[in-house]
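Participant:
2 protein chains.
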Amino acid sequence: MERSSQKVSMAVVRRLPKYYRYLEDLLHKEIYRISSKELSKIMGLTASQIRQDLNCFGGFGQQGYGYNVEELHKEIGKILGLTKRYKTVIVGAGNIGQAIANYSHFEQKGFELKGIFDINPKLIGLKIRDVEIYDVDYLEDFVKENNIEIGVICVPREKAQETAEKLVAGGVRGIWNFAPHDIKIPENIVLENVHLSESLYTLTYLLNEKLQEGTDNLENIELD
Amino acid sequence: MERSSQKVSMAVVRRLPKYYRYLEDLLHKEIYRISSKELSKIMGLTASQIRQDLNCFGGFGQQGYGYNVEELHKEIGKILGLTKRYKTVIVGAGNIGQAIANYSHFEQKGFELKGIFDINPKLIGLKIRDVEIYDVDYLEDFVKENNIEIGVICVPREKAQETAEKLVAGGVRGIWNFAPHDIKIPENIVLENVHLSESLYTLTYLLNEKLQEGTDNLENIELD
DNA sequence: TAGATTGTTAATCGATTAACAATC
DNA sequence: TAGATTGTTAATCGATTAACAATC
Numbered sequence: 039m040e041r042s043s044q045k046v047s048m049a050v051v052r053r054l055p056k057y058y059r060y061l062e063d064l065l066h067k068e069i070y071r072i073s074s075k076e077l078s079k080i081m082g083l084t085a086s087q088i089r090q091d092l093n094c095f096g097g098f099g100q101q102g103y104g105y106n107v108e109e110l111h112k113e114i115g116k117i118l119g120l121t122k123r124y125k126t127v128i129v130g131a132g133n134i135g136q137a138i139a140n141y142s143h144f145e146q147k148g149f150e151l152k153g154i155f156d157i158n159p160k161l162i163g164l165k166i167r168d169v170e171i172y173d174v175d176y177l178e179d180f181v182k183e184n185n186i187e188i189g190v191i192c193v194p195r196e197k198a199q200e201t202a203e204k205l206v207a208g209g210v211r212g213i214w215n216f217a218p219h220d221i222k223i224p225e226n227i228v229l230e231n232v233h234l235s236e237s238l239y240t241l242t243y244l245l246n247e248k249l250q251e252g253t254d255n256l257e258n259i260e261l262d
Numbered sequence: 039m040e041r042s043s044q045k046v047s048m049a050v051v052r053r054l055p056k057y058y059r060y061l062e063d064l065l066h067k068e069i070y071r072i073s074s075k076e077l078s079k080i081m082g083l084t085a086s087q088i089r090q091d092l093n094c095f096g097g098f099g100q101q102g103y104g105y106n107v108e109e110l111h112k113e114i115g116k117i118l119g120l121t122k123r124y125k126t127v128i129v130g131a132g133n134i135g136q137a138i139a140n141y142s143h144f145e146q147k148g149f150e151l152k153g154i155f156d157i158n159p160k161l162i163g164l165k166i167r168d169v170e171i172y173d174v175d176y177l178e179d180f181v182k183e184n185n186i187e188i189g190v191i192c193v194p195r196e197k198a199q200e201t202a203e204k205l206v207a208g209g210v211r212g213i214w215n216f217a218p219h220d221i222k223i224p225e226n227i228v229l230e231n232v233h234l235s236e237s238l239y240t241l242t243y244l245l246n247e248k249l250q251e252g253t254d255n256l257e258n259i260e261l262d
């Protein structure tokens with residue numbers, strides 16, 4: 039049941055939230071037991087991969103029975119660190135910053151939004167869901183004084199690096215970055231990027247690849 | 039220079055927007071020539087990987103010289119389909135829907151926002167950046183009549199599947215999905231997901247892994 | 001021409017899948 | 001007990017890295 043000291047690959051880590059989500063679904067449907075085979079069907083993975091993934095963290099299953107959905111959900115929640123609470127700030131109260139601030143689901147999952155920061159004097163002093171918008175000049179001190187653990191960067195590209203540096207100087211342990219820029223921070227700080235335009239451009243690539251496929255198939259036929 | 043008919047792996051595809059972004063940066067810095075080695079340093083990839091990646095699409099470089107930044111940027115833009123225009127709708131005018139609608143950068147890159155859809159009567163008739171919010175009942179017909187190619191799903195989890203089906207029935211070719219749900223659509227439609235909570239949970243996982251590392255190292259020392 | 005750097009093949013590494021003994 | 005299904009090892013597959021001949 040102990041986490042092995044072998045480092046878990048990012049490929050596995052990025053599947054964990056997906057397991058978590060599907061297990062939550064199953065609980066809502068009042069399904070309390072599932073085999074890797076059944077789970078593989080609904081998730082679109084192989085049963086083998088599911089068993090491999092879960093065994094990075096311990097033997098959660100039982101031979102001849104499968105997995106206890108409730109227990110597995112709870113365990114993965116623990117592994118993801120969702121049993122803890124995280125003091126959080128959002129920097130940048132523009133479109134995305136506001137959207138994240140308003141998204142109350144995260145609050146429910148243990149993310150305590152303690153402050154929002156912006157450079158725009160018109161916004162400073164306003165509140166989003168009872169959370170005040172402060173002047174970004176106050177960011178580093180605020181992070182220090184309130185033991186903020188996670189900083190969410192929603193500022194424009196050009197301000198991303200300096201914002202990250204203020205957050206790090208203040209002592210955050212992790213940064214969730216929405217700016218389309220690759221931030222440089224010390225290795226001991228966790229960085230997770232959400233690069234929306236990269237996602238959108240992947241979509242348009244695939245859109246055009248689909249178009250291309252017709253041509254390719256013709257080529258293939260000619261070659262036969 | 040022709041795109042090889044060999045299918046390009048998703049690993050490569052997802053790096054393309056990143057190349058595109060870095061090349062744009064270089065252009066702004068008035069750097070017009072770069073070797074795979076130099077590019078590898080600033081992007082944090084290996085030079086070998088860069089050359090492999092680019093060669094999936096053609097020989098853009100020149101031996102002894104490197105790559106022409108302007109040309110390569112243009113070519114990757116073409117490959118990503120960014121020379122075209124895409125008629126787009128957003129479904130769901132909540133937090134994320136509004137944020138995307140307000141984000142004018144996408145408009146500049148050729149994404150023409152033709153309509154926003156919501157179920158809330160209070161929102162219907164309002165405009166975001168000159169784009170009207172319509173009743174979601176009108177979605178399928180609107181998509182048909184306006185030849186919409188991309189649908190952005192920003193509705194709650196429970197409405198995601200039915201929204202996708204309306205978009206597909208209307209004839210979109212691609213869906214950009216922000217709902218935390220795995221949508222099922224026909225194979226010929228492109229689906230790109232942005233699962234924000236999965237990204238956030240990956241962050242918290244890594245945050246706790248870092249904590250763990252201390253312990254692991256101690257264990258390792260003991261074992262030595 | 002000599003030096004630099006690509007395009008491309010071969011070697012390595014890591015992740016996924018298959019297989020099966022262990023066991024509930 | 002017999003059937004089912006895990007945990008885990010081995011085989012396969014794919015992606016990354018290394019190496020180097022081709023060539024600008």
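Keeping their order, the protein sequence lines are chains A and B.
In this note's numbering, each residue carries its 1-based index in the first sequence increased by 38.
In this note's numbering, each residue carries its 1-based index in the second sequence increased by 38.
Quick reminder that beta carbons are idealized off the backbone N, C-alpha and C, glycines included.
Treat the numbers as computed from the prediction; the structure is a model and nothing was measured.
If you reduce the DSSP assignment to three classes, tell me which class Lys67(B) lands in.
Facilitator: Within the second sequence, the letter at position 29 stands for residue 67(B). If DSSP states are grouped into helix, strand and coil, Lys67(B) belongs with coil.
Participant: For chain B, check one thing: does any of its Cβ atoms lie closer than 8 Å to the Cβ of Leu205(A)?
Facilitator: Within the first sequence, residue 205(A) is the residue found at index 167, counting from 1. Leu205(A) does not count as touching chain B.
Participant: Strictly under 8 Å for the Cβ-Cβ distance: is Gln87(A) near chain B by that measure?
Facilitator: For the purposes of this step, residue 87(A) is taken as the residue at position 49 of the first sequence. Not one chain B Cβ lies under 8 Å of Gln87(A).
Participant: Could you please give me the residues that DSSP links to Asn231(B) through a beta bridge?
Facilitator: Stepping through the second sequence from its first residue, residue 231(B) is reached at position 193. BP columns for Asn231(B) point to Asn215(B).
Participant: Should Arg167(B) be labelled buried (16 or more other beta-carbon atoms within 10 Å of its own) or exposed?
Facilitator: Start at 1 with the first residue of the second sequence, and residue 167(B) comes out as number 129. Result: exposed.
Participant: In the DSSP output, which residue or residues are listed as bridge partners for Tyr172(A)?
Facilitator: Counted from its first residue, the first sequence places residue 172(A) at position 134. In the DSSP output, where bridge partners are listed per residue, Tyr172(A) has Phe155(A).
Participant: Using alpha carbons as the reference points, say which of Ile213(B), Thr126(B) and Met48(B) lies closest to Glu183(B).
Facilitator: Residue mapping note: residue 183(B) aligns to position 145 of the second sequence, counting from 1. Closest by alpha carbon: Thr126(B).
Participant: Assuming Lys182(B) is part of the alpha helix (DSSP H), what are its boundary residues?
Facilitator: By 1-based counting over the second sequence, the position of residue 182(B) is 144. Element bounds for Lys182(B): Leu177 to Glu183.
Participant: Distance, Cα to Cα, Glu68(A) vs Leu234(B)?
Facilitator: Taking the first residue of the first sequence as 1, we reach residue 68(A) at position 30. Taking the first residue of the second sequence as 1, we reach residue 234(B) at position 196. So the two alpha carbons sit approximately 26 Å from each other.
Participant: Do you know offhand how far Glu257(B)'s Cα is from Lys197(A)'s?
Facilitator: Numbered from its first residue, the second sequence carries residue 257(B) at position 219. Numbered from its first residue, the first sequence carries residue 197(A) at position 159. For Glu257(B), the pLDDT reaches just 39, beneath the cut-off of 50, and the residue's location in the model is therefore unreliable, leaving the point undetermined.
Participant: Per DSSP, Lys147(B) is paired with what?
Facilitator: If you number the second sequence from 1, residue 147(B) lands on position 109. Lys147(B) pairs with nothing; no bridge assigned.
Participant: Whole angstroms is fine: what's the gap from Arg195(A)'s alpha carbon to Arg59(B)'s?
Facilitator: Counted from its first residue, the first sequence places residue 195(A) at position 157. Counted from its first residue, the second sequence places residue 59(B) at position 21. Taking the straight line joining both Cα atoms gives about 11 Å.
Participant: For Tyr239(A) and Tyr124(B), I'd like the C-alpha separation in whole angstroms.
Facilitator: Residue mapping note: residue 239(A) aligns to position 201 of the first sequence, counting from 1. Residue mapping note: residue 124(B) aligns to position 86 of the second sequence, counting from 1. Approximately 12 Å, taken between the alpha carbons.
Participant: Is Ile118(A) near Gly148(A), with beta carbons less than 8 Å apart?
Facilitator: For the purposes of this step, residue 118(A) is taken as the residue at position 80 of the first sequence. For the purposes of this step, residue 148(A) is taken as the residue at position 110 of the first sequence. A small correction: the amino acid at residue 118(A) is Leu; Ile does not occupy that position in the sequence shown. No, they are not a contact pair.
Participant: Would you say Tyr103(B) reaches chain A, if we count a Cβ-Cβ gap shorter than 8 Å as a contact?
Facilitator: Sequence index remark: in the second sequence, residue 103(B) carries index 65 (1-based). No, its Cβ sits nowhere closer than 8 Å to a Cβ of chain A.
Participant: For Pro218(B), return the contacting residues in chain A, with the cut-off set at a CB-CB distance below 8 Å.
Facilitator: Translated into positions along the second sequence, residue 218(B) becomes position 180. By Cβ distance, chain A contributes Arg59.
Participant: Closer than 6 Å by C-beta to Arg89(B): which residues in its own chain qualify, once you throw out the five before and the five after it? Chain order, please.
Facilitator: Residue 89(B) sits at position 51 when you count from the first residue of the second sequence. Excluding positions up to five away in sequence, the list reads Ser74.
Participant: Give me the Cα-Cα distance between Lys56(A) and Ile157(B), rounded to the nearest whole angstrom.
Facilitator: For the purposes of this step, residue 56(A) is taken as residue 18 along the first sequence, with counting starting at 1. For the purposes of this step, residue 157(B) is taken as residue 119 along the second sequence, with counting starting at 1. Going by the C-alpha atoms only, they are around 28 Å apart.
Participant: Could you list which residues in chain B have their beta carbon closer than 9 Å to that of Arg167(A), in chain order?
Facilitator: As a first step, residue 167(A) must be located in the first sequence, where it is residue number 129. The contacting residues do not exist; Arg167(A) stays about 11 Å from chain B at best.
Participant: Taking the beta carbon of Ile227(A) as the centre, do at least 16 other beta carbons fall within 10 Å, making it buried, or is it exposed?
Facilitator: Sequence index remark: in the first sequence, residue 227(A) carries index 189 (1-based). Answer is buried; the Cβ neighbour count reaches 16.
Participant: Evaluate the contact criterion for the region 127-138 of chain A versus the region 185-192 of chain A: three or more CB pairs, one atom per stretch, below 8 Å.
Facilitator: Counting Cβ pairs under 8 Å, three or more are found: they touch.
Participant: Throw me the rounded Cβ distance for the Val206(A) and Pro218(A) pair, which I believe falls under 8 Å.
Facilitator: Taking the first sequence and counting its residues from 1, the one referred to as residue 206(A) is at position 168. Taking the first sequence and counting its residues from 1, the one referred to as residue 218(A) is at position 180. So it is not a contact: roughly 20 Å between Cβ atoms.
Participant: From the DSSP output, in three-state form, read off Ile72(B) for me.
Facilitator: The residue given as residue 72(B) occupies position 34 in the second sequence. Strand.
Participant: What are the boundary residues of the beta strand (DSSP E) that Val190(A) is part of?
Facilitator: Locating residue 190(A) in the first sequence gives position 152, counting from the first residue. Note, Val190(A): beta strand (DSSP E), Ile188 to Ile191.
Participant: Taking the CB atoms as reference points, tell me whether Glu178(B) and Gly153(B) lie closer together than 8 Å.
Facilitator: The sequence position of residue 178(B) within the second sequence is 140, counting from 1. The sequence position of residue 153(B) within the second sequence is 115, counting from 1. Contact flag unset, no.
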